[in-house]
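Numbered by numbering that gives the first Met the number 0, the letters in the sequence shown go through residues 0 to 184 in order.
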Amino acid sequence: MTFEEAHELIKQTLPEKRYIHTLGVVETAERLADQYGENIEQARLAAMLHDYAKYFDTEKMRQVVIDEGLDPNLLQYGDELLHAPVGAVLLARQYDLDPHVLSAIRNHTTGEPGMSRLDQILFVADAIEPNRNYPGVDRLRTEAEQSLEAAVVATLRQTIEFLLKKSVRIFPLTIDTYNDFVNTP
Ligand SMILES: [Fe+2]
Ligand SMILES: [Fe+2]
0 MTFEEAHELI KQTLPEKRYI HTLGVVETAE RLADQYGENI EQARLAAMLH
50 DYAKYFDTEK MRQVVIDEGL DPNLLQYGDE LLHAPVGAVL LARQYDLDPH
100 VLSAIRNHTT GEPGMSRLDQ ILFVADAIEP NRNYPGVDRL RTEAEQSLEA
150 AVVATLRQTI EFLLKKSVRI FPLTIDTYND FVNTP
């Protein structure tokens with residue numbers, strides 16, 4: 000799948016606000032890939048497609064988790080988590096996409112211990128793209144200019160603190176990812 004094909008698909012699939020967010024993630028992922036010496040084309044493609052399933056029917060996404068044998072924990076921690084792994088599965092079914100691109104899409108919400116640099120770039124770009132506006136986002140942007148791994152940790156901390164303040168459950172993989180990246184020397 001080419002970037003232009005992905006762009007067309009996303010323009011047709013997402014509402015305008017989410018499409019604008021996506022363009023911001025593309026721009027940011029491209030910049031981070033350039034800065035940290037990762038594959039720019041893969042970063043752009045993963046960013047363009049990352050929220051593909053964001054507005055898909057929740058019950059259908061839950062069914063994909065069951066049918067594909069994805070982590071059953073995904074059904075216990077809020078439907079926000081579904082679109083990343085389910086989007087990766089649905090895209091893989093329909094299009095010819097590099098496994099690195101699919102991995103970045105799959106991990107963009109929860110993270111994953113040992114996730115690749117491309118995964119990290121999309122994970123951080125999603126949190127800091129120019130249209131994002133929440134307390135602490137500028138600190139994350141500064142971190143991302145200095146160290147990709149530090150930005151991953153800061154983004155995980157931001158996510159976990161947000162969930163703690165809301166008194167909602169925290170997906171174990173996100174905590175595992177935090178522990179993994181904090182322990183990385
Ligand atoms: Fe997302
Ligand atoms: Fe996103």
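Note that CB positions come from ideal geometry on N, CA and C, so glycine has one too. All figures in this text were calculated on a predicted structure; none of them were measured in a lab.
CB contact flag (residue i, residue j, <9 Å)
i	j	result
Thr154	Val181	no
Glu67	Val88	yes
Leu90	Leu101	yes
Arg116	Tyr35	yes
Gly135	Gln157	yes
Ala126	Arg105	no
Met0	Asp95	yes
His6	Met47	yes
Leu31	Glu37	yes
Val64	Leu74	yes
Where residue i sits in the DSSP three-state scheme
i	result
Leu8	helix
Arg168	coil
Asp118	helix
His49	coil
Met0	coil
Gln34	helix
Ser146	coil
Phe55	coil
Asp70	coil
Glu26	helix
Tyr18	helix
His107	coil
Asp97	coil
Pro84	helix
Nearest candidate by alpha-carbon position, reference residue i, set the options
i	options	result
Ala42	Leu121, Gly110 and Arg156	Leu121
Lys10	Pro129, Leu22 and Thr1	Leu22
Pro98	Thr27, Tyr133, Leu44 and Leu13	Leu44
Asp78	Glu7, Asp56 and Leu96	Asp56
Thr27	Pro71, Asn130, Ala149 and Pro84	Asn130
Glu148	Asp179, Ile159 and Ile174	Asp179
Val152	Tyr177, Thr12 and Ile19	Tyr177
Arg17	Glu128, Phe161 and Arg140	Glu128
Leu161	Asp175, Tyr133 and Arg140	In the sequence on display, residue 161 carries Phe and not Leu. The shortest C-alpha separation from Phe161 is found at Tyr133.
Val24	Glu4, Gly113, Asn72 and Arg140	Arg140
heavy atom of ligand 4 below 8 Å from residue i C-beta
i	result
Thr154	This structure lacks ligand 4; its bound ligands are ligand 1 and ligand 2.
Stretch pair the region 139-153 + the region 45-56: three plus CB contacts closer than 8 Å: Using a C-beta cut-off of 8 Å, the region 139-153 makes no contact with the region 45-56, since fewer than three inter-stretch Cβ pairs fall below that distance.
At least three beta-carbon pairs within less than 8 Å, the region 109-117 to the region 161-174: Taking a cut-off of 8 Å on C-beta distances, the region 109-117 touches the region 161-174, as three or more cross pairs fall below it.
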